[in-house]
Amino acid sequence: MTGITQRVGVAAFVAATLLLTGACSKDDAKKSADPAKAAGENRAGPAEPAVVTLTPVDKATGVDPGAPVKIAVGGGKVSEVKVTNASGESVDGALSGDSWKPKVPFMYGGKYTVTATATNAENKPTVANAAFTVLNPTQAATATFMPDADATVGVGQPVSITFDQPVKNRKVVQEAIKVTATPAVEGAWHWFGNSRVDWRPKEYWPTGTQVKVDLNLRGVDLGGGVMSKQFKSFGFKVADTKRIAVVDANAHTMTVSENDQVVKTIPITAGEDPKYTTWNGIMVMEERYPTLDMNSQTVGLGNEYDQKAVPYAMRITESGTFLHANTWTTVNPFGNANTSHGCVSMTLENAKWMYERSIRGDIVQVKGNDEKPVAADNGYGAWNLTWEQWTAGN
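Everything in the sequence shown is counted per the UniProt record's numbering, starting at 1 for the first residue and increasing by one.
Here it is in structure tokens:
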């Protein structure tokens with residue numbers, strides 16, 4: 001009995017084990033099939049294309065010439081931006097983040113096309129285009145500037161910008177004009193009225209200084225509906241010689257120094273006191289003429305004189321003060337008396353010497369009559385203002 005019972009028990013155990021094994025295999029088969037099916041159901045489809053939105057929008061008008069092109073991208077990133085003008089020429093510019101800015105502001109009234117490319121997660125491109133027209137202001141101002149581009153000037157020459165229309169937004173204009181000196185110097189702007197602004201260093205320019213001026217004015221709102229036109233850079237050099245002429249109207253002399261060393265003392269005659277007294281103060285040589293016709297009516301003195309081809313004329317004020325040769329006098333006032341109508345005159349030989357050595361921007365300082373100071377805007381009289389007075393005018 002015992003042996004039979006054991007055999008039956010073993011057989012029952014084996015049968016039960018086979019049944020259990022079969023049951024487990026069936027369930028496992030189902031389970032092994034399900035993940036594959038699930039994986040197929042959850043597999044991601046193709047990435048959505050990037051969406052690109054441009055500003056200015058297509059067919060936009062009145063666009064600010066200095067405004068950047070904005071490229072907003074959804075589901076991707078910007079890969080390329082190209083801007084062309086009406087002639088199909090590429091416009092130089094730079095992409096930074098989602099903005100593209102032209103190197104030079106767009107031209108007033110100009111027509112431009114922007115083509116922007118963005119890529120999605122699968123690096124597939126989306127291209128967007130927009131054509132736009134830049135504003136064309138009804139009132140546009142032009143600025144003239146001194147000194148001339150590439151000029152070599154004396155140590156007293158300021159940067160002077162004059163607009164042909166009034167400026168209301170002075171701070172905006174100042175920020176749009178950059179003066180860079182090498183070596184660097186401290187300097188500031190000063191406004192004379194509402195159309196002229198000058199920049200000078202705190203002290204006379206160091207000799208040999210290189211100066212660059214950037215007129216980033218195109219698209220700048222001057223105020224009152226007036227826009228500025230120019231986008232221009234120019235440079236000039238300060239001469240290697242610091243030349244200062246000091247006129248002593250009482251002593252009837254002009255002492256010329258170069259790099260702080262006296263090189264010549266010239267006998268002169270200045271303006272006759274008190275009717276034609278020469279302006280007193282620090283002036284800057286503005287213009288030089290080998291000969292110049294001088295007529296008293298042009299400076300409000302009636303019919304006092306009309307001299308043709310005056311030799312070696314060097315202007316030091318806008319109101320008409322010159323250094324020049326006097327070849328018509330019948331007496332010798334040089335070094336002896338003040339007999340002119342306000343100019344500083346000398347012999348032909350001395351005037352020639354001064355003319356050949358001088359350049360625009362040299363300093364001419366007149367002493368001897370504190371009762372007739374030259375105005376700071378009568379030519380380039382910036383140096384007659386203290387630094388505190390100068391900086392208060394910006």
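Each residue gets a CB set at the ideal place from its N, CA and C atoms; glycine is no exception.
(1) If distances are taken between C-alpha atoms only, which option among Val-134, Thr-298, Ala-50, Thr-138 comes closest to Ala-60?
(2) Is the number of C-beta pairs between the stretch 173-193 and the stretch 249-269 that are closer than 8 Å three or more?
(3) Tell me the rounded alpha-carbon separation between Pro-333 and Val-344.
(4) Restricting to Cα atoms, I'd like to know which of Ala-72, Thr-113, Gly-156, Gly-193 is closest to Asn-394.
(5) Secondary structure at Ser-87, three-state DSSP: helix, strand or coil?
(6) When DSSP labels each residue in this structure, what does Val-238 get in the three-state scheme?
(7) Assuming contact is defined by CB atoms lying nearer than 8 Å, are Gly-156 and Asp-362 in contact in what I supplied?
(8) Please report the straight-line C-alpha distance between Ser-228 and Asp-221, rounded to a whole angstrom.
(9) Assign Gln-307 to one of three DSSP states: helix, strand, or coil.
(10) Sorry if obvious, but does the Cβ on Ala-141 come closer than 7 Å to a heavy atom of the ligand ADP?
(11) Less than 8 Å between the C-beta atoms of His-63 and Ile-71, yes or no?
(12) With burial defined as no fewer than 16 other Cβ atoms inside 10 Å of the residue's Cβ, what is the status of residue 424: buried or exposed?
(13) Within its chain, find whatever has a CB closer than 8 Å to the CB of Ser-99; leave out the 5 residues flanking it on each side and keep chain order.
(14) What are the boundary residues of the alpha helix (DSSP H) that includes Asn-350?
(15) Compare the beta carbon distance of Ile-268 and Gln-365 with 8 Å and say whether it is the shorter of the two.
(16) Between which two residues does the beta strand (DSSP E) containing Lys-264 stretch?
(17) Find the nearest neighbour of Val-153 within the set Gly-368, Asn-129, Phe-236, judged by alpha-carbon distance.
(18) Starting from Lys-101 and walking both ways along the alpha helix (DSSP H), at which residues does that stretch end?
(19) Closest by CA to Val-127, which one among Lys-168, Trp-387, Val-172, Val-73?
(20) Say whether the stretch 269-284 touches the stretch 370-387, bearing in mind that this needs 3 or more beta-carbon pairs closer than 8 Å, one atom from each stretch.
(21) So, with DSSP's three-state summary, where would you put Lys-232?
(22) Residues in the same chain with beta-carbon distance under 6 Å from Pro-125, minus the five sequence neighbours each way, listed in chain order, please.
(23) Would you kindly check if the distance between the Cβ of Asp-214 and the Cβ of Lys-178 is under 8 Å?
Answer, in terms of the structure:
(1) The sequence position of residue 60 within the sequence shown is 60, counting from 1. Nearest C-alpha to Ala-60: Val-134.
(2) Verdict: no, contact absent.
(3) Within the sequence shown, numbered from 1, the residue matching residue 333 stands at position 333. Within the sequence shown, numbered from 1, the residue matching residue 344 stands at position 344. CA-CA distance, Pro-333 to Val-344, rounds to 11 Å.
(4) For the purposes of this step, residue 394 is identified with residue 394 of the sequence shown, where counting begins at 1. Taking only the C-alpha atoms, the option nearest Asn-394 is Gly-193.
(5) Numbered from 1 along the sequence shown, position 87 holds the residue referred to as residue 87. Coil, per DSSP.
(6) As a working note, residue 238 is residue 238 in the sequence shown. DSSP places Val-238 in strand when its eight states are reduced to three.
(7) Working through the sequence shown from its first residue, we reach residue 156 at position 156. Working through the sequence shown from its first residue, we reach residue 362 at position 362. Pairing Gly-156 with Asp-362 gives a Cβ-Cβ distance under 8 Å.
(8) Here the question's residue 228 lines up with position 228 in the sequence shown. Here the question's residue 221 lines up with position 221 in the sequence shown. Rounded to the nearest whole angstrom, the C-alpha separation of Ser-228 and Asp-221 is 6 Å.
(9) Reading the sequence shown from its first residue, position 307 is the one you call residue 307. In the structure shown, Gln-307 falls within a strand segment according to DSSP collapsed to helix, strand and coil.
(10) What this structure holds is no ligand at all, so the ligand ADP is not there to describe.
(11) On the sequence shown, position 63 is the one that residue 63 refers to. On the sequence shown, position 71 is the one that residue 71 refers to. The sequence given here places Val at residue 63; His does not occur at that position. Result no, Cβ atoms of Val-63 and Ile-71 do not sit closer than 8 Å.
(12) Because the chain in this structure spans residues 1 to 394, residue 424 falls outside the shown range and cannot be described.
(13) Taking the sequence shown and counting its residues from 1, the one referred to as residue 99 is at position 99. Around Ser-99: Pro-68, Val-69, Lys-70, Ile-71.
(14) Position 350 of the sequence shown, counted from the start, is the residue given in the question as residue 350. Run containing Asn-350: 348-357, per the alpha helix (DSSP H) assignment.
(15) Sequence index remark: in the sequence shown, residue 268 carries index 268 (1-based). Sequence index remark: in the sequence shown, residue 365 carries index 365 (1-based). Taking 8 Å as the Cβ cut-off, Ile-268 and Gln-365 do not qualify as a contacting pair.
(16) Within the sequence shown, residue 264 is the residue found at index 264, counting from 1. 261-267 is the span of the beta strand (DSSP E), which, as asked, contains Lys-264.
(17) Counted from its first residue, the sequence shown places residue 153 at position 153. Of the candidates Gly-368, Asn-129, Phe-236, the one whose C-alpha sits nearest the C-alpha of Val-153 is Phe-236.
(18) For the purposes of this step, residue 101 is taken as the residue at position 101 of the sequence shown. Here Lys-101 belongs to no alpha helix (DSSP H); instead the beta strand (DSSP E) covers 99-102.
(19) The residue given as residue 127 occupies position 127 in the sequence shown. Taking only the C-alpha atoms, the option nearest Val-127 is Val-73.
(20) Because the criterion of three Cβ pairs below 8 Å is met, the stretch 269-284 and the stretch 370-387 touch.
(21) Within the sequence shown, numbered from 1, the residue matching residue 232 stands at position 232. Three-state DSSP puts Lys-232 in a strand.
(22) Residue mapping note: residue 125 aligns to position 125 of the sequence shown, counting from 1. Thr-117, Thr-119.
(23) Here residue 178 refers to the residue found at position 178 when the sequence shown is read from its first residue. Here residue 214 refers to the residue found at position 214 when the sequence shown is read from its first residue. The answer is yes: Cβ separation under 8 Å.
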